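Residue numbers for the sequence shown, in the working numbering: 500 to 958. A short worksheet on the structure shown next.
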Amino acid sequence: MAIVLQWPWMGIAIPCFLIGGIGYPAHFFIFKDRFSVQKQVIYQLCLTMIWISYYLACTVLPGSPPKGYKSELTKGRKVWKRYCKKCESDKPERAHHCKTCRTCVLKMDHHCPWTMNCVGYKNMPHFLRFLFWVIITTGITFFELGKDLVQYYKDRNLPSYLISKSKMALVIVLSLMNLVVLFSIIVLFLREVYHIVFTGRTQIEGWECERIESQFYSERFWRRIKKNYKKVHGKKLPELTTWKNAEKVHYEMDYLQEDADQLDESQRNILSSPRNPKTISDHQSIVPETFTYDDLVFPYDLSVYDNLVETLGPVYTWLLPWGGPRSDGLKFKRSDDAEDQLDLPWPPDGEDSYEPGDYELTKTYDDPQEEESHSGAVSTNVTEEVNDNDNYIDSDNDSVSSKVSDLFKGGKYFDNRLNLERTEWMNDFGENLEDFGVDIDTERTTHLRNRSQTRKTEN
Ligand SMILES: [Zn+2]
Ligand SMILES: [Zn+2]
């Protein structure tokens, strides 16, 4: 769960207290006598690097889209049109509106209460360098204080007047404080670096992937995929196949059979999925049977090295206090993954915030003439598809699904977050989008849907 501080300035005061309160007493009261001048300089240099990177992490802004920014659809680039009503401009890909900073943040990772700043495109390197220097410094401190603790243990049988009690108390207190900082920062750093290096994701995108994985076998998810596929590619979703060549996904759900027999027709429809193919077999599910979550392609995951360069800039600047990525943070490199069968903007079940009539085709064509000949036909399809109420799970169905979820509470395979809206879903740590600092209000598109429904009624 994310940390919310009652007094925001405590977010700055606590780290400052810890950096100064551990580093300087440890140096001047404990390490000074045993460190050579060279070692003392190195230790002070590490401490200074913490202060510099922390100052930069707090003060360098992550970057926001220019005022009135409009999503640019260039060749081969598929992005959802996401309008931010608070900034009155489009959100660039990977950007979100931060509820604390009150602006859209480029490649938003999370809002950090400990820097009172958003971590995003332009200041992510400062944030990572801050964590890095804290780990190095607290690592050295841990090692050196550990030597003292071992010595105290060895000397435990000596007469007590030979041991300075105040120094021993200081060593113990500093060791405990240092250990807490070292441990928590290592966890944070590893989580951050793992996302960046091995998945190319921000923390928010990591959360998004967890949501998609958890909702992958829902009819609702695939209804949206079908709708989006038609919107972007102008044709029906083809049969999808898994690269794993896996057999149909079967799960032992027979124990649900008895309960399922008691359901009415609409409840059965909600439950039917490849996870329980035998259980409720009279309904044709739209969830593909040979396509798994692993077959989805996250478009911004490049190679390990490229992921790092995209985030930190050129390798020779990684440890320089001013190093950072060189682009504008409005567009991002994508993997050319031939395995991407959906080839949709991210997230694949996302929605445009534009009303159906305003929609501009995201598909781009190599030949402008071809584009001309396609655009008319496709936009007709788009209108048809969007007007089709079947694409949206209506409130009645939602209440049915909650009944179903009640019915199978405690069931081994039933995830009762299956049909939650993106803005409501939470991961296994109980984190929803808001816990990363995102302004949920600007992520909702249902108001537009309601508006178009109202219009329809008026007609
Ligand atoms: Zn905004
Ligand atoms: Zn923020």
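Think of the CB as a built atom: it goes at the ideal place given N, C-alpha and C, for glycine as much as any other residue. All values reported here derive from a predicted model rather than from experimental measurement.
Exercise for the section: Would you mind giving the Cβ-Cβ distance between His-458 and Gln-505, rounded to the nearest angstrom? I have them listed as a contact below 8 Å. Expected result: Not covered by the structure: residue 458. The range shown for the chain is 500 to 958.
Exercise for the section: Give a yes or no on whether 8 Å exceeds the smallest Cβ distance from Thr-599 to chain C. Expected result: Of the protein chains in the structure, only one exists, and it is not chain C.
Practice task
Would you list the one or two residues that DSSP bridges to Val-604?
Solution key: As a first step, residue 604 must be located in the sequence shown, where it is residue number 105. DSSP output for Val-604 lists His-595 as bridge partner(s).
Handout entry: Any heavy atom of ligand 2 nearer than 7 Å to the CB - residues listed
Key = Cys-597, Thr-599, Cys-600, Val-604, His-610, Asn-616, Cys-617 and Gly-936
Handout entry: Exposed unless 16 or more other CB atoms sit within 10 angstroms - verdict on Gln-537
Key = Translated into positions along the sequence shown, residue 537 becomes position 38. Looking at its Cβ environment, which holds fewer than 16 other Cβ atoms inside 10 Å, Gln-537 is exposed.
Handout entry: Reduced DSSP secondary structure (H/G/I, E/B, other) of Cys-586
Key = Here residue 586 corresponds to residue number 87 of the sequence shown, with the count starting at 1. It is coil, neither helix nor strand.
Problem - Val-937 - partner residues in DSSP beta bridges - result: Translated into the one-based positions of the sequence shown, residue 937 becomes position 438. Bridge partners of Val-937: Cys-597.
Handout entry: CA nearest to the CA of Leu-678, picked from Gly-510, Glu-930, Asn-931 and Ile-518
Key = Sequence index remark: in the sequence shown, residue 678 carries index 179 (1-based). Selected option, being the one with the closest Cα: Ile-518.
Practice task
Compute the beta-carbon to beta-carbon distance between Phe-631 and Gly-699, rounded to the nearest angstrom, for a pair I have assumed lies under 8 Å.
Solution key: Here residue 631 refers to the residue found at position 132 when the sequence shown is read from its first residue. Here residue 699 refers to the residue found at position 200 when the sequence shown is read from its first residue. 20 Å between Cβ atoms; not a contact.
Handout entry: Extent of the continuous beta strand (DSSP E) to which Val-618 belongs
Key = Within the sequence shown, residue 618 is the residue found at index 119, counting from 1. It spans 616-618 - the beta strand (DSSP E) in which Val-618 sits, taken as one unbroken run.
Practice task
Tell me where the alpha helix (DSSP H) around His-625 begins and ends.
Solution key: In the sequence shown, counting from the first residue as 1, residue 625 sits at position 126. 623-653 is the span of the alpha helix (DSSP H), which, as asked, contains His-625.
Practice task
Could you please give me the residues that DSSP links to Cys-481 through a beta bridge?
Solution key: Residue 481 is absent from the structure shown; the chain starts at 500 and stops at 958.
Practice task
Could you tell me if Ser-826 is buried or exposed, where buried requires 16 or more neighbouring beta carbons within 10 angstroms of its beta carbon?
Solution key: Numbered from 1 along the sequence shown, position 327 holds the residue referred to as residue 826. Flag for Ser-826 reads exposed.
Practice task
Flag Thr-966 as yes when its Cβ comes closer than 7 Å to any non-hydrogen atom of ligand 1, and as no otherwise.
Solution key: Examination of residue 966 is not possible in this model, given that the chain is present from 500 through 958 alone.
Practice task
Could you tell me if Val-649 is buried or exposed, where buried requires 16 or more neighbouring beta carbons within 10 angstroms of its beta carbon?
Solution key: As a first step, residue 649 is located in the sequence shown; it is residue number 150 there, counting from the start. Exposed: under 16 other Cβ atoms inside 10 Å.
Practice task
Report whether the distance from the Cβ of Lys-730 to the nearest heavy atom of ligand 1 is below 7 Å.
Solution key: To locate residue 730, count along the sequence shown from 1; it is residue 231. No, ligand 1 has no heavy atom inside 7 Å of this Cβ.
Practice task
Starting from the C-beta of Arg-943, find all residues in its chain whose C-beta is less than 7 Å away, skip the five residues before and the five after it, and write them out in chain order.
Solution key: If you number the sequence shown from 1, residue 943 lands on position 444. Answer for Arg-943: Thr-922, listed in chain order.
Problem - DSSP three-state assignment for Arg-825, whether helix, strand or coil - result: Within the sequence shown, numbered from 1, the residue matching residue 825 stands at position 326. Reduced to three states, the DSSP call for Arg-825 is coil.
Exercise for the section: Give the DSSP-derived three-state secondary structure of Arg-723 in the structure shown. Expected result: What you label residue 723 is simply residue 224 of the sequence shown in a count that begins at 1. Arg-723: helix per DSSP, three-state reduction.
Practice task
Whole angstroms is fine: what's the gap from Lys-730's alpha carbon to Ser-717's?
Solution key: As a working mapping, residue 730 is identified with position 231 in the sequence shown. As a working mapping, residue 717 is identified with position 218 in the sequence shown. Cα to Cα, Lys-730 sits roughly 20 Å from Ser-717.
Handout entry: Close beta carbons around Met-548, own chain, < 7 Å, minus the five adjacent residues each side
Key = Walking along the sequence shown from the start, residue 548 turns up at place 49. Cβ neighbours of Met-548 beyond the five flanking positions: Trp-632.
Problem - Residues that DSSP places opposite Arg-581 in a beta bridge - result: Taking the sequence shown and counting its residues from 1, one reaches residue 581 at position 82. DSSP, once it has assigned bridges, lists Lys-590 as partnering Arg-581.
Practice task
Express the C-alpha separation of Trp-721 and Phe-715 in angstroms, rounding to a whole number.
Solution key: Stepping through the sequence shown from its first residue, residue 715 is reached at position 216. Stepping through the sequence shown from its first residue, residue 721 is reached at position 222. Taking the straight line joining both Cα atoms gives about 8 Å.
Handout entry: Arg-710 beta carbon less than 8 Å from that of Trp-924
Key = Reading the sequence shown from its first residue, position 425 is the one you call residue 924. Reading the sequence shown from its first residue, position 211 is the one you call residue 710. Closer than 8 Å, so yes.
Practice task
Please classify Trp-706: is it buried, with 16 or more other beta-carbons within 10 angstroms of its beta-carbon, or exposed?
Solution key: To locate residue 706, count along the sequence shown from 1; it is residue 207. With 16 or more Cβ atoms within 10 Å of its Cβ, Trp-706 is classed as buried.
Handout entry: Backbone secondary structure at Asn-734 - three-state DSSP
Key = Translated into positions along the sequence shown, residue 734 becomes position 235. Here the sequence assigns Lys to residue 734, which means Asn is not the residue at that position. Lys-734 falls in the coil class under three-state DSSP.
Exercise for the section: Return the CA-CA distance between Phe-697 and Tyr-652, expressed in angstroms with no decimal places. Expected result: Your numbering for residue 697 matches position 198 in the sequence shown. Your numbering for residue 652 matches position 153 in the sequence shown. Answer to the nearest angstrom: the Cα atoms are 42 Å apart.
Handout entry: Span separating the alpha-carbon of Ala-556 from that of Asn-622
Key = Along the sequence shown, one-based indexing puts residue 556 at 57. Along the sequence shown, one-based indexing puts residue 622 at 123. Roughly 6 Å between the two C-alpha positions.
Handout entry: Contact under 8 Å by Cβ, Cys-515 with Pro-561
Key = As a first step, residue 515 is located in the sequence shown; it is residue number 16 there, counting from the start. As a first step, residue 561 is located in the sequence shown; it is residue number 62 there, counting from the start. Cβ atoms of Cys-515 and Pro-561: not closer than 8 Å.
Practice task
For Thr-698, verify whether its CB is less than 7 Å away from any heavy atom of ligand 1.
Solution key: Working through the sequence shown from its first residue, we reach residue 698 at position 199. No - ligand 1 has no heavy atom lying nearer than 7 Å to the Cβ of Thr-698.
Handout entry: Cutoff 6 Å; reference Asp-857; Cβ partners in own chain excluding five residues on either side
Key = Residue 857 sits at position 358 when you count from the first residue of the sequence shown. Unreliable placement is indicated for Asp-857, whose pLDDT of 39 sits below 50; the coordinate value is still reported in the next sentence. So the list is empty, once near-sequence residues are dropped.
Handout entry: Helix, strand or coil at Pro-524 [DSSP, three-state]
Key = Along the sequence shown, one-based indexing puts residue 524 at 25. Looking at Pro-524 - three-state DSSP - the assignment turns out to be helix.
Exercise for the section: Compute the Euclidean distance between the alpha carbons of Lys-726 and Tyr-553, then round it to the nearest angstrom. Expected result: The residue given as residue 726 occupies position 227 in the sequence shown. The residue given as residue 553 occupies position 54 in the sequence shown. Distance between the alpha carbons of Lys-726 and Tyr-553: 45 Å.
Practice task
Kindly indicate which three-state DSSP category Thr-547 falls into: helix, strand or coil?
Solution key: Residue numbering aside, residue 547 sits at position 48 when the sequence shown is read from its first letter. It is helical.
Exercise for the section: Taking 8 Å as the cut-off, decide whether the C-beta atoms of Asp-934 and Cys-597 are in contact. Expected result: As a working mapping, residue 934 is identified with position 435 in the sequence shown. As a working mapping, residue 597 is identified with position 98 in the sequence shown. Cβ atoms of Asp-934 and Cys-597: not closer than 8 Å.
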